[in-house]
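Following my numbering, the numbering of the sequence shown begins with 271 at its first residue and continues without gaps.
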Amino acid sequence: MTDTPTLPELIDMQIRTTGPMSVATYIGLCLTHPTKGYYKIADPLGAAGDFVTAPEISQMFGELLGFFLVNLWQQMGGPKKFTLLELGPGRGTLMADALRVACRAEGFRDGLDLRLFEINPTLIAEQNARLEAYDAKWIDGFDKVGPGPLLVVANEFFDALPIRQFVRAEDGWHERMVGTNNGRRAFGLNPIPIPASAMPKTLADAELNVVLEVGLASSEVMNRLATTISTQGGAILAIDYGYARTQTGETLQGVRGHQYADVLDAPGEVDISAHVDFEALGTVAAKAGLAVQPLATQGQFLARMGINERASALIAANPGSAGDLSAAKARLISPEQMGDLFKVFCAASPGLQPPGFA
Ligand SMILES: C[S@@+](CC[C@H](N)C(=O)[O-])C[C@H]1O[C@@H](n2cnc3c(N)ncnc32)[C@H](O)[C@@H]1O
Numbered sequence: 271m272t273d274t275p276t277l278p279e280l281i282d283m284q285i286r287t288t289g290p291m292s293v294a295t296y297i298g299l300c301l302t303h304p305t306k307g308y309y310k311i312a313d314p315l316g317a318a319g320d321f322v323t324a325p326e327i328s329q330m331f332g333e334l335l336g337f338f339l340v341n342l343w344q345q346m347g348g349p350k351k352f353t354l355l356e357l358g359p360g361r362g363t364l365m366a367d368a369l370r371v372a373c374r375a376e377g378f379r380d381g382l383d384l385r386l387f388e389i390n391p392t393l394i395a396e397q398n399a400r401l402e403a404y405d406a407k408w409i410d411g412f413d414k415v416g417p418g419p420l421l422v423v424a425n426e427f428f429d430a431l432p433i434r435q436f437v438r439a440e441d442g443w444h445e446r447m448v449g450t451n452n453g454r455r456a457f458g459l460n461p462i463p464i465p466a467s468a469m470p471k472t473l474a475d476a477e478l479n480v481v482l483e484v485g486l487a488s489s490e491v492m493n494r495l496a497t498t499i500s501t502q503g504g505a506i507l508a509i510d511y512g513y514a515r516t517q518t519g520e521t522l523q524g525v526r527g528h529q530y531a532d533v534l535d536a537p538g539e540v541d542i543s544a545h546v547d548f549e550a551l552g553t554v555a556a557k558a559g560l561a562v563q564p565l566a567t568q569g570q571f572l573a574r575m576g577i578n579e580r581a582s583a584l585i586a587a588n589p590g591s592a593g594d595l596s597a598a599k600a601r602l603i604s605p606e607q608m609g610d611l612f613k614v615f616c617a618a619s620p621g622l623q624p625p626g627f628a
């Protein structure tokens, strides 16, 4: 019996047999290979994992999203049947905190059809443990949401989807590829230039070696959900690190054990992510007929949703935890920590006024 190849061996074999692969194909294999991808094999979250996310920092994050959801549900007239979908729910912490708050609104729990979009079996088990009481169902495609209004929440999901990279060279733009050099994985360029007509006109004068990142997978997800929301009503809220206007510059990064790591080393063991182009997502959502809110920073959004009041109430109820609660609040909203880096995007049915936006 022979050992099955490791993910690095599989990737190197594919490069040897079919040539260099696009950065998007490489990221897709690293993160979501069916049996060896990073998001398929373990729980990456928390102190023992590779990174910590906002809902794992404090219950306040999910609770304020719960208020957001109730507010929109009420604006929609409190539908008797609606779908709440979370993309990449991690350990289920955000949704458990949000629903603890939201289900206090009369009628919310009765109308709720909870759907979760997740590929990680370990995390699915954790989500099941936290959300069992809400009769959660897991979906593997967006055609599997019910016919009523649809509310979608996604925290640090879009940054985990593959991006393509294009680099400006003397003779035009070329796609960046992952190949090998002296037996080691290395970046290179596809020798065939991209026709200038396929690149944004604003980049006609871009300098040599400038990198443009394009998140086609993110746009595809947004298109599917925004199209559904445009006919069924609802909204999508996405929180992630990213930029408000399409920009050049490389943001692809690897993280392992809370430290930056080379994305080409140890495929399947390194978290790979890239900043989200919120302008591109907004363009897709607007084309589908949704009203796109002005992008907020996480700090602005949480302050408008009442994080200061919520922290004060929790401190009054647990004076012994005042220091921890204040530190958690600061971590979520202060500009030096997550407050400015993370942005909050919302696209909703015209007529709805999502709270938390200017
Ligand atoms: C960075 S984690 C964020 C987890 C959670 N939202 C939180 O804030 O703690 C990304 C989440 O998206 C899931 N995920 C990543 N790629 C996915 C894909 N292609 N399809 C479905 N889920 C995916 C991961 O398993 C994980 O639950």
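Beta carbons: idealized from backbone N, C-alpha and C, even for Gly. As the structure is a computational prediction, the values presented were derived from the model and not from experiment.
_Quick test of your reading: ILE433 and LYS310, contact by CB under 8 Å. State the CB separation rounded to the nearest angstrom._
19 Å between Cβ atoms; not a contact.
*Whose C-alpha, out of MET330, GLY307, PRO461, is nearest the C-alpha of ILE585?*
MET330
*Out of curiosity, what's the CA-to-CA distance linking ALA617 and GLY453?*
46 Å
*Cβ neighbours of TYR296 in the same chain (closer than 6 Å, five flanking residues each side left out)*: VAL448
*Can you have a look at ARG515 and say buried or exposed, based on whether 16 or more other CB atoms are within 10 angstroms of its CB?*
exposed
*Could you check what DSSP says for ASP320 in three-state terms: helix, strand or coil?*
coil
*Indicate whether the contact test is met: 3 or more Cβ pairs, each with one atom in the stretch 547-563 and one in the stretch 584-599, closer than 8 Å.*
no
*Ends of the alpha helix (DSSP H) at GLN568?*
568-574
*Let me know the beta strand (DSSP E) ranges lying completely inside the stretch 425-465, each 3 residues or longer, listed in chain order.*
434-439, 442-451, 454-459
*Exposed or buried, what is SER328 when buried is set at 16 or more other beta-carbons lying within 10 Å of its beta-carbon?*
buried
*Measure the alpha-carbon distance for GLY501 versus GLU477 and round it to whole angstroms.*
According to the sequence displayed, residue 501 carries Thr and not Gly. Answer to the nearest angstrom: the Cα atoms are 43 Å apart.
*asked:* Under DSSP, the alpha helix (DSSP H) around LYS599 begins and ends at which residues?
replied: 592-603
_Inter-residue spacing [alpha-carbon to alpha-carbon] between VAL484 and VAL423_ = 22 Å
*asked:* Restricting to Cα atoms, I'd like to know which of LEU486, ASP313, GLY307, ILE394 is closest to ALA550.
replied: LEU486
_Within 9 Å, strictly: CB atoms of THR353 and LEU421_ = yes
*Got a sec: does ligand 1 put a non-hydrogen atom nearer than 8 Å to the Cβ of ASP273?*
no
*Flag this pair as yes or no: are the beta carbons of GLN568 and ILE603 separated by less than 9 Å?*
yes
*Counting only the same chain and skipping the five closest in sequence on each side, list residues whose C-beta sits under 7 Å from that of MET271.*
Residue confidence for MET271 is low, a pLDDT of 47 falling below 50, so the modelled location carries little weight; the figure read from the coordinates is stated next. For MET271, where only same-chain residues beyond five positions count, there are no Cβ hits under 7 Å.
*Specify the secondary structure class of THR518 as computed by DSSP and reduced to three states.*
strand
*Please list, in chain order, all residues of the same chain as ASP441 whose beta carbon is under 6 Å from its beta carbon, the five residues on each side excluded.*
PRO463
*Confirm the yes/no value for this check: CB of TYR309, any heavy atom of ligand 1, distance under 8 Å.*
yes
*Closer than 9 Å, CB to CB, is ASP547 near chain D or not?*
The structure shown has no chain D; it contains just one protein chain.
*asked:* Can you tell me whether ALA618 is helix, strand or coil according to DSSP?
replied: strand
*Does ligand 2 have a heavy atom nearer than 8 Å to the CB of ASP541?*
Questions concerning ligand 2 fall outside what the structure shown contains, since the ligands it does hold are ligand 1.
_Would you call the stretch 330-348 in contact with the stretch 304-320, where contact means no fewer than 3 C-beta pairs closer than 8 Å?_
no
*Would you call the stretch 502-522 and the stretch 379-393 touching, i.e. three or more CB-CB distances under 8 Å?*
no
*Would you check whether ligand 1 has a heavy atom nearer than 8 Å to the C-beta of ILE389?*
yes
*Taking C-beta to C-beta, are MET492 and ILE506 nearer than 9 Å?*
yes
*Can you tell me which of ARG446, GLY621, VAL614 puts its alpha carbon nearest to the alpha carbon of ARG574?*
VAL614
_Beta-carbon gap between PRO709 and ASN479 smaller than 9 Å_ = The shown model of the chain, from 271 to 628, leaves out residue 709, and the question about it has no answer.
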